[in-house]
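**Q**
Chains as they are written, first to last, in the working numbering: chain A, 161 to 331; chain B, 361 to 952.
1. So with CB distances below 7 Å, who are the chain B contacts of residue 258 of chain A?
2. Do you know how far the Cα of residue 857 of chain B is from the Cα of residue 639 of chain B?
3. Classify residue 479 of chain B as helix, strand or coil using the three-state DSSP reduction.
4. At which residues does the alpha helix (DSSP H) containing residue 206 of chain A begin and terminate?
5. Flag residue 243 of chain A as yes when its Cβ comes closer than 8 Å to any non-hydrogen atom of the ligand HEM, and as no otherwise.
6. Is there contact here, the segment 772-792 of chain B with the segment 804-813 of chain B, by at least three beta-carbon pairs under 8 Å?
7. Using a Cβ cut-off of 7 Å, which residues of the segment 258-272 of chain A contact any Cβ in chain B, in chain order?
8. Give me the residue from B:711, B:757, B:874 with the minimum Cα distance to residue 833 of chain B.
9. According to DSSP, is residue 273 of chain A part of a helix, a strand, or is it coil?
10. Checking contacts by CB at 9 Å: is residue 455 of chain B closer than that to chain A?
11. Give the DSSP-derived three-state secondary structure of residue 618 of chain B in the structure shown.
12. Opposite residue 441 of chain B in the DSSP bridges: which residues?
13. Just to confirm, are residue 410 of chain B and residue 388 of chain B a CB contact at a threshold of 9 Å?
14. Identify which residue in B:933, B:930, B:925 has its Cα closest to the Cα of residue 589 of chain B.
15. Using a C-beta to C-beta distance shorter than 8 Å, which residues of chain B count as neighbours of residue 199 of chain A?
16. DSSP has residue 856 of chain B in a bridge; who is on the other side?
17. Within its chain, find whatever has a CB closer than 6 Å to the CB of residue 441 of chain B; leave out the 5 residues flanking it on each side and keep chain order.
18. Who are the Cβ neighbours of residue 848 of chain B in its own chain at under 7 Å, not counting the five residues just before and after it?
19. Starting from the beta carbon of residue 425 of chain B, find every residue of chain A whose beta carbon is closer than 8 Å, and list them in chain order.
20. Touch check for the segment 449-462 of chain B and the segment 688-699 of chain B: three-plus C-beta pairs under 8 Å?
21. What is the rounded straight-line gap between the Cα of residue 379 of chain B and the Cα of residue 394 of chain B?
22. Could you give the DSSP three-state label for residue 679 of chain B: helix, strand or coil?
23. For residue 488 of chain B, collect the residues of the same chain with a Cβ closer than 6 Å to its Cβ; drop the 5 residues on either side in sequence, then sort them by chain order.
24. Would you verify that the beta carbon of residue 276 of chain A is, or is not, closer than 9 Å to some beta carbon of chain B?
25. Is residue 778 of chain B closer than 9 Å to residue 501 of chain B when the C-beta atoms are compared?
26. Kindly give me the distance between the Cβ atoms of residue 715 of chain B and residue 700 of chain B, rounded to whole angstroms, as I take these residues to be in contact under 8 Å.
27. Would you say residue 370 of chain B lies against chain A (beta-carbon separation less than 9 Å)?
28. Any Cβ of chain A within less than 9 Å of the Cβ of residue 452 of chain B?
29. State the Cα-Cα distance for the pair residue 439 of chain B and residue 430 of chain B, rounded to the nearest angstrom.
30. In this structure, does DSSP put residue 307 of chain A in helix, strand or coil?
31. Among all the DSSP beta bridges, which residues are the ones paired with residue 635 of chain B?
32. Using a Cβ-Cβ cutoff of less than 8 Å, which residues in the same chain neighbour residue 486 of chain B once the five nearest sequence positions on both sides are dropped?
33. Residue range of the alpha helix (DSSP H) that residue 225 of chain A falls in?
34. Along chain B, in chain order, which residues have C-beta atoms closer than 9 Å to that of residue 227 of chain A?
35. Return helix, strand or coil for residue 758 of chain B, following the three-state DSSP convention.
36. Using CA coordinates, which residue listed in B:864, B:797, B:750, B:371 is at the minimum distance from residue 812 of chain B?
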């Protein structure tokens with residue numbers, strides 16, 4: 161029970177002080193950012209979420225980014241709507257859109273929604289710059305954060321619990 | 361690949377998905393049952409019950425068993441019950457985010473069945489008030505009641521009772537037969553006095569004739585009395601003779617009054633005219649209002665159920681772009697729903713079997729672009745064909761209903777109102793054709809009902825003739841074998857108005873009027889003859905009696921005067937008086 165209650169704290173510390181590479185941290189941030197920007201409740205978010213959970217990117221950074229960028233997403237909605245409107249109503253592509261939309265499951269993606277399309281384009285557009293900007297930052301900051309956090313007794317306890325859990329000590 | 365995919369994450373989740381799938385197979389029915397009940401109750405406003413729901417995710421099929429939908433307006437009655445509803449869901453549409461029922465079947469459908477428990481969800485909710493239709497019918501009946509009251513008041517049985525008090529001649533005859541005998545009585549009394557005076561003079565003349573000493577002194581005195589008697593008798597006879605013209609004048613006045621009375625009777629004893637439509641509306645208004653009310657309630661309910669306006673979700677985040685026509689399919693659609701059921705119609709002992717289809721039932725009719733169509737047909741005890749179309753593709757809703765019922769046995773009913781006239785109508789066979797069009801809320805349509813082999817029993821209010829009038833109307837109703845009612849509907853669905861045209865009113869007015877007219881003429885002629893005979897015989901008897909009495913008076917006066925004259929002449933001879941001149945004057949008087 162105690163271990164379960166400590167889960168969120170442990171998860172946060174792990175996000176910052178794991179042995180993941182800065183690349184994994186940066187990819188987690190990028191995925192989290194895109195998920196955060198998108199309106200929820202559609203297949204697009206479900207697929208991106210599955211990718212986040214299923215790949216070896218940093219989950220903690222990804223989830224934190226999703227939470228933070230959700231607020232940014234709301235602020236960016238008017239711009240995303242205009243962007244999505246321009247892209248979705250672009251006449252030469254309407255045929256392609258129509259064929260794509262008629263494919264099974266595509267309708268569940270909500271990609272015909274101006275905000276979803278706009279935020280996805282925005283997220284895709286920002287993905288590479290965000291990766292490029294965050295990677296050196298994580299490279300510089302990650303070793304320092306790991307070494308400073310590990311100095312704390314609490315961190316060691318939390319990591320001990322994590323190891324214990326992996327070895328089956330919580331049973 | 362091994363490095364990039366976190367298999368420790370993926371594998372447990374794949375297993376979890378498989379477990380959820382299996383769980384859904386067992387839990388989804390309960391979830392669906394709950395959602396069907398909740399949405400049904402919201403839609404109908406009364407309890408919706410079902411026994412069991414079976415679903416097959418792989419088979420894309422849902423079956424609902426033992427469904428009962430309560431009537432929101434009647435606590436212990438169901439709107440309908442069904443044994444099962446089977447829905448085949450189109451999987452390809454589900455992948456395109458559309459819930460399309462490719463085909464469905466409703467089996468064992470029954471309408472208006474009884475419930476053991478209350479179907480009301482919230483007892484505090486206001487139940488349906490008497491509808492506008494019923495209150496409109498009541499007002500129409502009250503408006504027509506006055507004319508029918510006056511018409512029924514002309515029933516001869518009532519009329520005779522009131523007639524005598526308005527005639528003039530009976531009073532004159534009564535006056536004639538009492539006043540003239542009294543007058544003659546007065547004359548007879550005077551005559552008796554004159555005779556008495558004459559007799560007295562006779563005695564006096566005899567006395568002095570036998571006593572010559574007094575003779576000379578008394579004779580002149582007696583002659584003066586004779587002269588006075590003669591004058592009085594002349595005056596009396598003159599007065600008696602003057603009565604004759606007055607008597608004739610009175611007789612003439614009676615004749616004139618009698619002629620006036622006869623003319624008045626002929627004029628008064630005419631049977632009043634009543635507009636047949638007034639009687640039709642009075643008799644059929646309440647009955648038809650009930651049927652119109654039922655039709656309006658069903659139409660309102662069908663509109664409410666079939667084409668409830670779906671509130672399109674307002675997206676707070678962006679708007680959806682439709683790329684092609686194929687995307688304009690509605691999100692929820694029942695392509696075809698086969699209906700099969702049975703039930704009992706009131707008045708029929710045999711059940712009816714119902715089959716039909718509902719096509720294009722959707723929550724987004726504009727997107728679907730076609731109207732929802734319902735076709736129902738029954739077989740068995742009654743043949744009913746019903747077609748309805750609910751079109752919500754235009755600017756305003758357009759609904760069209762056609763109903764054709766044959767071999768419909770209508771239960772016994774009561775037409776009219778016990779304050780005036782009731783017609784008990786026995787159960788009869790009927791045919792109903794109806795066509796209704798609703799554009800927006802405005803209503804336009806016709807209902808045509810033909811009832812054959814009808815039997816009508818009248819009951820007239822006691823104050824208007826009671827059983828006597830009943831028997832007369834019964835004779836008139838014998839000619840009516842069928843009723844045809846045409847109702848023209850207009851107005852709005854919430855406040856409909858209608859115009860009833862029926863042969864019942866015209867045939868009833870004609871046959872009752874004709875029968876009453878004949879009865880009236882018969883009674884009038886009999887009454888006039890009786891009246892005339894009575895009047896004539898009374899007056900004639902009275903005149904004859906008066907004539908006899910007059911003759912008797914004159915005869916007796918003549919006799920008395922002749923006797924007196926003889927005595928006077930004899931006495932004058934004895935006294936040596938100028939008899940010739942005396943007798944001449946006496947003779948002339950007597951001769952007169």
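Backbone N, C-alpha and C fix where the C-beta goes; we use that ideal spot for every residue, glycine too.
**A** Let's see:
1. Residue numbering aside, residue 258 of chain A sits at position 98 when the first chain is read from its first letter. Ordered by position in chain B, the residues that pass the 7 Å Cβ test against residue 258 of chain A are 683, 684.
2. Numbered from its first residue, the second chain carries residue 639 of chain B at position 279. Numbered from its first residue, the second chain carries residue 857 of chain B at position 497. When rounded, the distance between both Cα atoms is 18 Å.
3. What you label residue 479 of chain B is simply residue 119 of the second chain in a count that begins at 1. Three-state DSSP puts residue 479 of chain B in coil, outside helix and strand.
4. Reading the first chain from its first residue, position 46 is the one you call residue 206 of chain A. The continuous alpha helix (DSSP H) containing residue 206 of chain A extends over residues 203-214.
5. Summarising the ligand content, the structure contains no ligands, and the ligand HEM is consequently not present.
6. Output reads yes: the segment 804-813 of chain B touches the segment 772-792 of chain B.
7. Under the 7 Å Cβ criterion, the segment 258-272 of chain A contributes 258, 261, 262, 264, 265, 267, 268, 272.
8. Looking up residue 833 of chain B in the second chain gives position 473. Answer by Cα proximity: B:874.
9. Residue mapping note: residue 273 of chain A aligns to position 113 of the first chain, counting from 1. The answer is strand: DSSP assigns residue 273 of chain A an E or B state.
10. Counting from one through the second chain, the residue named residue 455 of chain B turns up at place 95. Closer than 9 Å to some Cβ of chain A, the Cβ of residue 455 of chain B qualifies, so yes.
11. Position 258 of the second chain holds residue 618 of chain B. In the structure shown, residue 618 of chain B sits in a helix (DSSP, three-state: H, G or I).
12. Along the second chain, read from residue 1 onward, the residue named residue 441 of chain B stands at position 81. Beta-bridge pairing links residue 441 of chain B to B:428, B:470.
13. Numbered from its first residue, the second chain carries residue 410 of chain B at position 50. Numbered from its first residue, the second chain carries residue 388 of chain B at position 28. Contact flag unset, no.
14. Your numbering for residue 589 of chain B matches position 229 in the second chain. Answer by Cα proximity: B:925.
15. Sequence index remark: in the first chain, residue 199 of chain A carries index 39 (1-based). Scanning chain B for C-beta atoms nearer than 8 Å to the C-beta of residue 199 of chain A yields 677, 678, reported in chain order.
16. Within the second chain, the letter at position 496 stands for residue 856 of chain B. According to DSSP, residue 856 of chain B bridges with B:851.
17. Against the second chain, residue 441 of chain B aligns to sequence position 81. Excluding sequence neighbours, residue 441 of chain B sits near 428, 470, 473.
18. Sequence index remark: in the second chain, residue 848 of chain B carries index 488 (1-based). Once the five neighbours on either side are set aside, the close Cβ partners of residue 848 of chain B are 806, 858, 859.
19. The count along the second chain starts at 1 and reaches residue 425 of chain B at position 65. Listed along chain A, no residue sits closer than 8 Å to residue 425 of chain B by beta-carbon distance, the nearest being about 31 Å off.
20. Contact between the segment 449-462 of chain B and the segment 688-699 of chain B is present, because at least three Cβ pairs lie under 8 Å.
21. Here residue 379 of chain B refers to the residue found at position 19 when the second chain is read from its first residue. Here residue 394 of chain B refers to the residue found at position 34 when the second chain is read from its first residue. Each residue's Cα considered, the two are about 22 Å apart.
22. For the purposes of this step, residue 679 of chain B is taken as residue 319 along the second chain, with counting starting at 1. In the structure shown, residue 679 of chain B sits in coil (DSSP, three-state: anything other than H, G, I, E or B).
23. Position 128 of the second chain, counted from the first residue, corresponds to residue 488 of chain B. Since pLDDT at residue 488 of chain B reaches only 49, below the 50 mark, its modelled position is unreliable, and the value read off the structure follows with that caveat. Closer than 6 Å at the Cβ level, and outside the excluded window around residue 488 of chain B, lie 433.
24. Here the question's residue 276 of chain A lines up with position 116 in the first chain. Closer than 9 Å: yes.
25. Reading the second chain from its first residue, position 141 is the one you call residue 501 of chain B. Reading the second chain from its first residue, position 418 is the one you call residue 778 of chain B. Residue 501 of chain B is not a Cβ neighbour of residue 778 of chain B, given a cutoff of 9 Å.
26. Position 355 of the second chain holds residue 715 of chain B. Position 340 of the second chain holds residue 700 of chain B. At roughly 5 Å, the Cβ-Cβ gap stays under 8 Å, so residue 715 of chain B and residue 700 of chain B are in contact.
27. Taking the first residue of the second chain as 1, we reach residue 370 of chain B at position 10. The beta carbon of residue 370 of chain B falls within 9 Å of a beta carbon belonging to chain A, placing the residue at that interface.
28. Reading the second chain from its first residue, position 92 is the one you call residue 452 of chain B. Residue 452 of chain B belongs to the set of residues whose beta carbon lies under 9 Å from a beta carbon in chain A.
29. Within the second chain, numbered from 1, the residue matching residue 439 of chain B stands at position 79. Within the second chain, numbered from 1, the residue matching residue 430 of chain B stands at position 70. When rounded, the distance between both Cα atoms is 5 Å.
30. Along the first chain, one-based indexing puts residue 307 of chain A at 147. Here DSSP, grouped into helix, strand and coil, assigns residue 307 of chain A to helix.
31. By one-based count along the second chain, residue 635 of chain B stands at place 275. Answer by DSSP bridge pairing: none, since residue 635 of chain B is not bridged.
32. As a position in the second chain, residue 486 of chain B is number 126, starting the count at 1. Its pLDDT being 49, under 50, residue 486 of chain B is placed unreliably by the model, and the measurement read from it follows with that caveat. Once the five neighbours on either side are set aside, residue 486 of chain B has no close Cβ partner at all.
33. The residue labelled residue 225 of chain A in the question sits at position 65 within the first chain. Here the alpha helix (DSSP H) through residue 225 of chain A covers 219-248.
34. Position 67 of the first chain, counted from the first residue, corresponds to residue 227 of chain A. Neighbours of residue 227 of chain A in chain B, taken as residues at a C-beta separation under 9 Å, are lacking, since the least C-beta distance is about 18 Å.
35. By 1-based counting over the second chain, the position of residue 758 of chain B is 398. In the structure shown, residue 758 of chain B sits in a strand (DSSP, three-state: E or B).
36. Against the second chain, residue 812 of chain B aligns to sequence position 452. With distances taken between Cα atoms, residue 812 of chain B lies closest to B:864.
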